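Numbering (the UniProt record's numbering), first residue to last: 1 to 170.
These notes are about the structure you will find just below.
What follows is the structure in structure tokens.
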């Protein structure tokens, strides 16, 4: 029995070392971009300062990619990633028995474009949407904190989605 387990472990190790990956999956950004500058995302909504949250999360997510260098100067980059927040909504989704709002949903839509530095060639373009639900609190300060926390989660998920779509060549 132990010989079978050892053989099974060896087979798993050999298969994992062969470099198999999901079809369409890559380790690099489109256009084989290895250095990237992330611009401040434009906020086309009425929600103040969400562009900072989205941009910071995009920078943080792309910085974790071990084969990509983030640069502050656009002239030092091979690609520039920018975009705009085209929609933000925050609406009631459930009510309690007194007909007061019990839960809200924040949703954000972001359009992003990756361009090659120099000639401005569009290497990737896409739209991502994410939403987050949260419970309502009668205290205005707590309520505002919950909405901001939802915006933070949405920004993180949008950054993950942008990264995933670019790497997966969607």
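Built from N, CA and C at the ideal position, the CB exists for glycine as well.
The model shown is predicted, which means the values in this text are computed figures rather than measured ones.
Asked                                                                                                                                                : Found
For residue 63 versus residue 117, is the C-beta spacing smaller than 7 Å?                                                                           : no
Taking residue 56 as the reference, give the member of 156, 71 and 164 with the closest Cα.                                                          : 156
Taking 7 Å as the limit between beta carbons, can you name the residues of its chain near residue 161, skipping five residues before and five after? : 128 and 130
Could you tell me which residues DSSP pairs with residue 101 in its beta bridges?                                                                    : 95
Are the C-beta of residue 65 and some C-beta of chain C separated by less than 7 Å?                                                                  : Of the chains in the structure shown, none is chain C; there is only one protein chain.
Assign residue 88 to one of two classes, buried (16 or more other C-beta atoms within 10 Å of its C-beta) or exposed (fewer than that).              : buried
Does DSSP put residue 31 in a helix, in a strand, or in coil?                                                                                        : helix
What's the gap between the Cα of residue 24 and the Cα of residue 119?                                                                               : Residue confidence is low: residue 24 scores 43 on pLDDT, short of 50, so the model does not pin down where it sits. Its coordinate-derived value is still stated next. One C-alpha to the other measures close to 26 Å.
Using DSSP bridges, identify the partner residues of residue 107.                                                                                    : 89 and 131
Just the C-alpha distance for residue 58 and residue 158, rounded to the nearest angstrom, thanks.                                                   : 8 Å
Which of helix, strand or coil does DSSP assign to residue 162?                                                                                      : helix
What do you get for residue 150, buried or exposed, if any count of 16 or more other CB atoms within 10 angstroms of its CB means buried?            : buried
Mapping the DSSP letters down to three states, classify residue 38 as helix, strand or coil.                                                         : strand
What is the residue span of the alpha helix (DSSP H) that residue 63 lies within?                                                                    : 50-63
Excluding the 5 residues flanking residue 224 on each side, which residues of the same chain have their C-beta closer than 6 Å to its C-beta?        : One cannot answer for residue 224 here, as it falls past the ends of the chain, which runs 1 to 170.
Out of 123, 38, 145 and 144, state which residue places its alpha-carbon closest to the alpha-carbon of residue 69.                                  : 38
Taking only three categories from DSSP, how would you classify residue 112?                                                                          : strand
Please report the straight-line C-alpha distance between residue 50 and residue 107, rounded to a whole angstrom.                                    : 12 Å
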